[in-house]
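Enquirer:
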Amino acid sequence: MTSYAIETHEMTRRFGDLRAVDALSLQVPVGNIFGFLGPNGAGKTTTLRLLLGLLEMDGGSASVLGYDVARQAGAIREHTGVLLEQHGLYERLTVYDNLDYFGQIYHLDKTSRAARIRELLEHLELWERRHSGISELSKGLRQKVAFARTLLHHPRLVFLDEPSSGLDPVAAVALREDIQRMARSEGVTAFLTTHNLAEAEKICDVVGVIRKGRLITVGTPAQLRTTTGKYTVEIYGRGFAAEAIAALRSLAQVSAVELQNDHLSVQLHEGAETAPLVGLLVQNGAQVEEVRKGSSSLEEAFVALMQEDT
Ligand SMILES: Nc1ncnc2c1ncn2[C@@H]1O[C@H](COP(=O)(O)OP(=O)(O)OP(=O)(O)O)[C@@H](O)[C@H]1O
Ligand SMILES: [Mg+2]
Numbered sequence: 059m060t061s062y063a064i065e066t067h068e069m070t071r072r073f074g075d076l077r078a079v080d081a082l083s084l085q086v087p088v089g090n091i092f093g094f095l096g097p098n099g100a101g102k103t104t105t106l107r108l109l110l111g112l113l114e115m116d117g118g119s120a121s122v123l124g125y126d127v128a129r130q131a132g133a134i135r136e137h138t139g140v141l142l143e144q145h146g147l148y149e150r151l152t153v154y155d156n157l158d159y160f161g162q163i164y165h166l167d168k169t170s171r172a173a174r175i176r177e178l179l180e181h182l183e184l185w186e187r188r189h190s191g192i193s194e195l196s197k198g199l200r201q202k203v204a205f206a207r208t209l210l211h212h213p214r215l216v217f218l219d220e221p222s223s224g225l226d227p228v229a230a231v232a233l234r235e236d237i238q239r240m241a242r243s244e245g246v247t248a249f250l251t252t253h254n255l256a257e258a259e260k261i262c263d264v265v266g267v268i269r270k271g272r273l274i275t276v277g278t279p280a281q282l283r284t285t286t287g288k289y290t291v292e293i294y295g296r297g298f299a300a301e302a303i304a305a306l307r308s309l310a311q312v313s314a315v316e317l318q319n320d321h322l323s324v325q326l327h328e329g330a331e332t333a334p335l336v337g338l339l340v341q342n343g344a345q346v347e348e349v350r351k352g353s354s355s356l357e358e359a360f361v362a363l364m365q366e367d368t
């Protein structure tokens, strides 16, 4: 058994002239939460479908949980849970009957199906709605049922395509907690796509950014925030007079200074020291209370990456 839950090598898929996934090579260690980020049409969903064997690749190779994607897609689907953009539930069946049906497909016996369905529906606060038809549910409630279906058979790996799409903030937090708990206490690997970069920043161990089918970068959210060469420090305090700000601006390592309500936002060149900034401010009569480093968000890093790589 390999130590990678997902491994791809030069995986490629074309649609006509379009390279939807272009020589994608990546490794996701077991138990990691991997966030796949990228603009609309970048190739995220196509990657998921390739990894599940729902689409054939034109080149390269991939394995999931040690199973070869081209030859052992059945085994992959058996051991993984999948939440795709289309929820794949039967509109005319009830919540309960949908889960019961999928439980049978996963070969769960009657008793364990009943227990697992009840456990998941109670946990997701859907037990009261178990007799509702899927077509009667709101978008977010359907998404929750789809999430329950993903987890029915205790998969070792979950593929989640925009899992928090349509969920209210409380439900989105609960979903993130579920994913984290599974990863931390059960060693379940999660491969998720999201357009919510704050979400990726909160839960992902590693994020990969894809654009036009090509993987641009992979790293921890913290690494990604700093690879853009934009590095921000926030200095809280009082007495930031014009001359103090001018003195900061004159430093070689400083690229921009902005005075916001109660703090200065200072942009530094990569690797610059912050201590001299504080010294200079104090010399110029300011009182420094707190310095916060690296507050440039993943969102800013993402936007910078999109502009860089055309
Ligand atoms: N079956 C298909 N036939 C033709 N083109 C396709 C097909 N499926 C996907 N594509 C194209 O491949 C590219 C990648 O699509 P994909 O769905 O993987 O993007 P995505 O990263 O998931 O985007 P989004 O964030 O909008 O969900 C897009 O240009 C899309 O139009
Ligand atoms: Mg998609």
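Throughout the sequence shown, residue numbering follows my numbering, covering 59 to 368 in sequence.
Positions of the beta carbon are idealized from the N, C-alpha and C atoms, including for glycine.
Could you have a look at Q281 and say whether DSSP puts it in helix, strand or coil?
Expert: Numbered from its first residue, the sequence shown carries residue 281 at position 223. Reduced to three states, the DSSP call for Q281 is helix.
Enquirer: For ligand 1, which residues count as neighbours when the test is a C-beta closer than 6 Å to any heavy atom?
Expert: Qualifying residues come out as F73, L76, A78, G96, N98, G99, A100, G101, K102, T103 and T104.
Enquirer: Under three-state DSSP, which class holds P227?
Expert: Within the sequence shown, residue 227 is the residue found at index 169, counting from 1. DSSP places P227 in helix when its eight states are reduced to three.
Enquirer: Using 8 Å as the threshold, is the segment 112-120 in touch with the segment 65-72, meaning 3 or more CB pairs across them?
Expert: The segment 112-120, when compared against the segment 65-72, does touch it at the 8 Å Cβ threshold.
Enquirer: Helix, strand or coil: which one does DSSP assign to E68?
Expert: Indexing the sequence shown from 1 puts residue 68 at position 10. E68: strand per DSSP, three-state reduction.
Enquirer: Does T247 come out as helix, strand or coil in the three-state DSSP assignment?
Expert: Counting from 1 along the sequence shown, the entry for residue 247 is found at position 189. Three-state result, T247: strand.
Enquirer: Could you give the C-beta distance for P279 and L250, rounded to a whole number, given that I count them as a contact under 8 Å?
Expert: Along the sequence shown, one-based indexing puts residue 279 at 221. Along the sequence shown, one-based indexing puts residue 250 at 192. The Cβ separation is near 13 Å, so there is no contact.
Enquirer: So for Q144, helix, strand or coil by DSSP?
Expert: Here residue 144 refers to the residue found at position 86 when the sequence shown is read from its first residue. It is coil, neither helix nor strand.
Enquirer: According to DSSP, is R107 helix, strand or coil?
Expert: One-based indexing of the sequence shown puts residue 107 at position 49. Here R107 sits in helix by DSSP.
Enquirer: Kindly indicate which residue of M115, V140 and Q281 has the alpha-carbon position closest to the one of R129.
Expert: Here the question's residue 129 lines up with position 71 in the sequence shown. Among M115, V140 and Q281, the Cα nearest to that of R129 belongs to M115.
Enquirer: Let me make sure I understand the geometry here. Which of T152, V216, D263 and T252 has the alpha-carbon closest to that of I134?
Expert: For the purposes of this step, residue 134 is taken as the residue at position 76 of the sequence shown. For I134, the nearest C-alpha among the options comes from V216.
Enquirer: From what residue to what residue does the beta strand (DSSP E) around S313 run?
Expert: Indexing the sequence shown from 1 puts residue 313 at position 255. S313 -> beta strand (DSSP E) spans V312 to Q318.
Enquirer: Assuming V267 and L76 form a contact by the criterion Cβ under 8 Å, report the distance between their Cβ atoms to the nearest whole angstrom.
Expert: Working through the sequence shown from its first residue, we reach residue 267 at position 209. Working through the sequence shown from its first residue, we reach residue 76 at position 18. 19 Å between Cβ atoms; not a contact.
Enquirer: For I175 and Q162, what's the separation of their Cα atoms in angstroms?
Expert: Working through the sequence shown from its first residue, we reach residue 175 at position 117. Working through the sequence shown from its first residue, we reach residue 162 at position 104. Taking the straight line joining both Cα atoms gives about 12 Å.
Enquirer: Less than 7 Å separating the beta-carbons of V88 and T208?
Expert: The residue you call residue 88 lines up with position 30 of the sequence shown. The residue you call residue 208 lines up with position 150 of the sequence shown. Against a cut-off of 7 Å, the Cβ pair of T208 and V88 comes out as no contact.
Enquirer: Can you say whether V319 is buried or exposed, counting buried as having 16 or more other CB atoms within 10 angstroms of its CB?
Expert: Working through the sequence shown from its first residue, we reach residue 319 at position 261. Per the sequence presented here, residue 319 reads as Asn, with Val not at that position. N319 should be labelled exposed.
Enquirer: Would you kindly work out how many angstroms separate the C-alpha atoms of R283 and R71, rounded to a whole number?
Expert: The sequence position of residue 283 within the sequence shown is 225, counting from 1. The sequence position of residue 71 within the sequence shown is 13, counting from 1. Roughly 29 Å between the two C-alpha positions.
Enquirer: G343: buried (16+ other C-beta within 10 angstroms of its C-beta) or exposed?
Expert: Here residue 343 is taken as the residue at index 285 of the sequence shown, counted from 1. So G343 counts as exposed.
Enquirer: Please name the residue or residues paired with I372 in a DSSP beta bridge.
Expert: Outside the shown range of the chain, which is 59 to 368, sits residue 372, and nothing can be said about it.
Enquirer: Using the rule of at least 16 other Cβ atoms within 10 Å of the residue's Cβ for burial, across every protein chain shown, is R169 buried or exposed?
Expert: Numbered from 1 along the sequence shown, position 111 holds the residue referred to as residue 169. A small fix is needed here, since residue 169 is Thr in this sequence, not Arg. Exposed: under 16 other Cβ atoms inside 10 Å.
Enquirer: What does the Cβ neighbour count give for R171, buried or exposed, with the cut at 16 atoms within 10 Å?
Expert: The residue given as residue 171 occupies position 113 in the sequence shown. Burial call: buried.
Enquirer: Could you tell me which residues DSSP pairs with L184 in its beta bridges?
Expert: As a first step, residue 184 must be located in the sequence shown, where it is residue number 126. Paired residues: none, contrary to the question.
Enquirer: Specify, as a first and last residue, the run of the alpha helix (DSSP H) that V19 falls within.
Expert: Residue coverage of the chain in this structure runs from 59 to 368, which leaves residue 19 outside it and unanswerable.
Enquirer: If you draw a straight line from the C-alpha of T60 to the C-alpha of N90, how long is it?
Expert: Here residue 60 is taken as the residue at index 2 of the sequence shown, counted from 1. Here residue 90 is taken as the residue at index 32 of the sequence shown, counted from 1. At T60, the pLDDT of 49 sits below 50, so the modelled position is not reliable and the matter cannot be decided from this model.
Enquirer: If the criterion is Cβ atoms closer than 7 Å, does the pair L356 and L225 meet it?
Expert: For the purposes of this step, residue 356 is taken as the residue at position 298 of the sequence shown. For the purposes of this step, residue 225 is taken as the residue at position 167 of the sequence shown. Their beta carbons are not under 7 Å apart, which means L356 does not touch L225 by this criterion.
Enquirer: L178 and A206 - do their beta-carbons sit closer together than 7 Å?
Expert: Here residue 206 refers to the residue found at position 148 of the sequence shown. Here residue 178 refers to the residue found at position 120 of the sequence shown. Against a cut-off of 7 Å, the Cβ pair of L178 and A206 comes out as a contact.
Enquirer: Would you mind sorting P213 into buried or exposed? The rule is 16 or more other CB atoms within 10 Å of its CB.
Expert: Walking along the sequence shown from the start, residue 213 turns up at place 155. So P213 counts as buried.
Enquirer: For a test of the three-state rule: what should DSSP assign to L178, helix, strand or coil?
Expert: Counting from 1 along the sequence shown, the entry for residue 178 is found at position 120. Helix at L178.
Enquirer: Do you know how far the Cα of Q144 is from the Cα of L106?
Expert: Here residue 106 is taken as the residue at index 48 of the sequence shown, counted from 1. Here residue 144 is taken as the residue at index 86 of the sequence shown, counted from 1. Whole-angstrom Cα-Cα distance: 13 Å.
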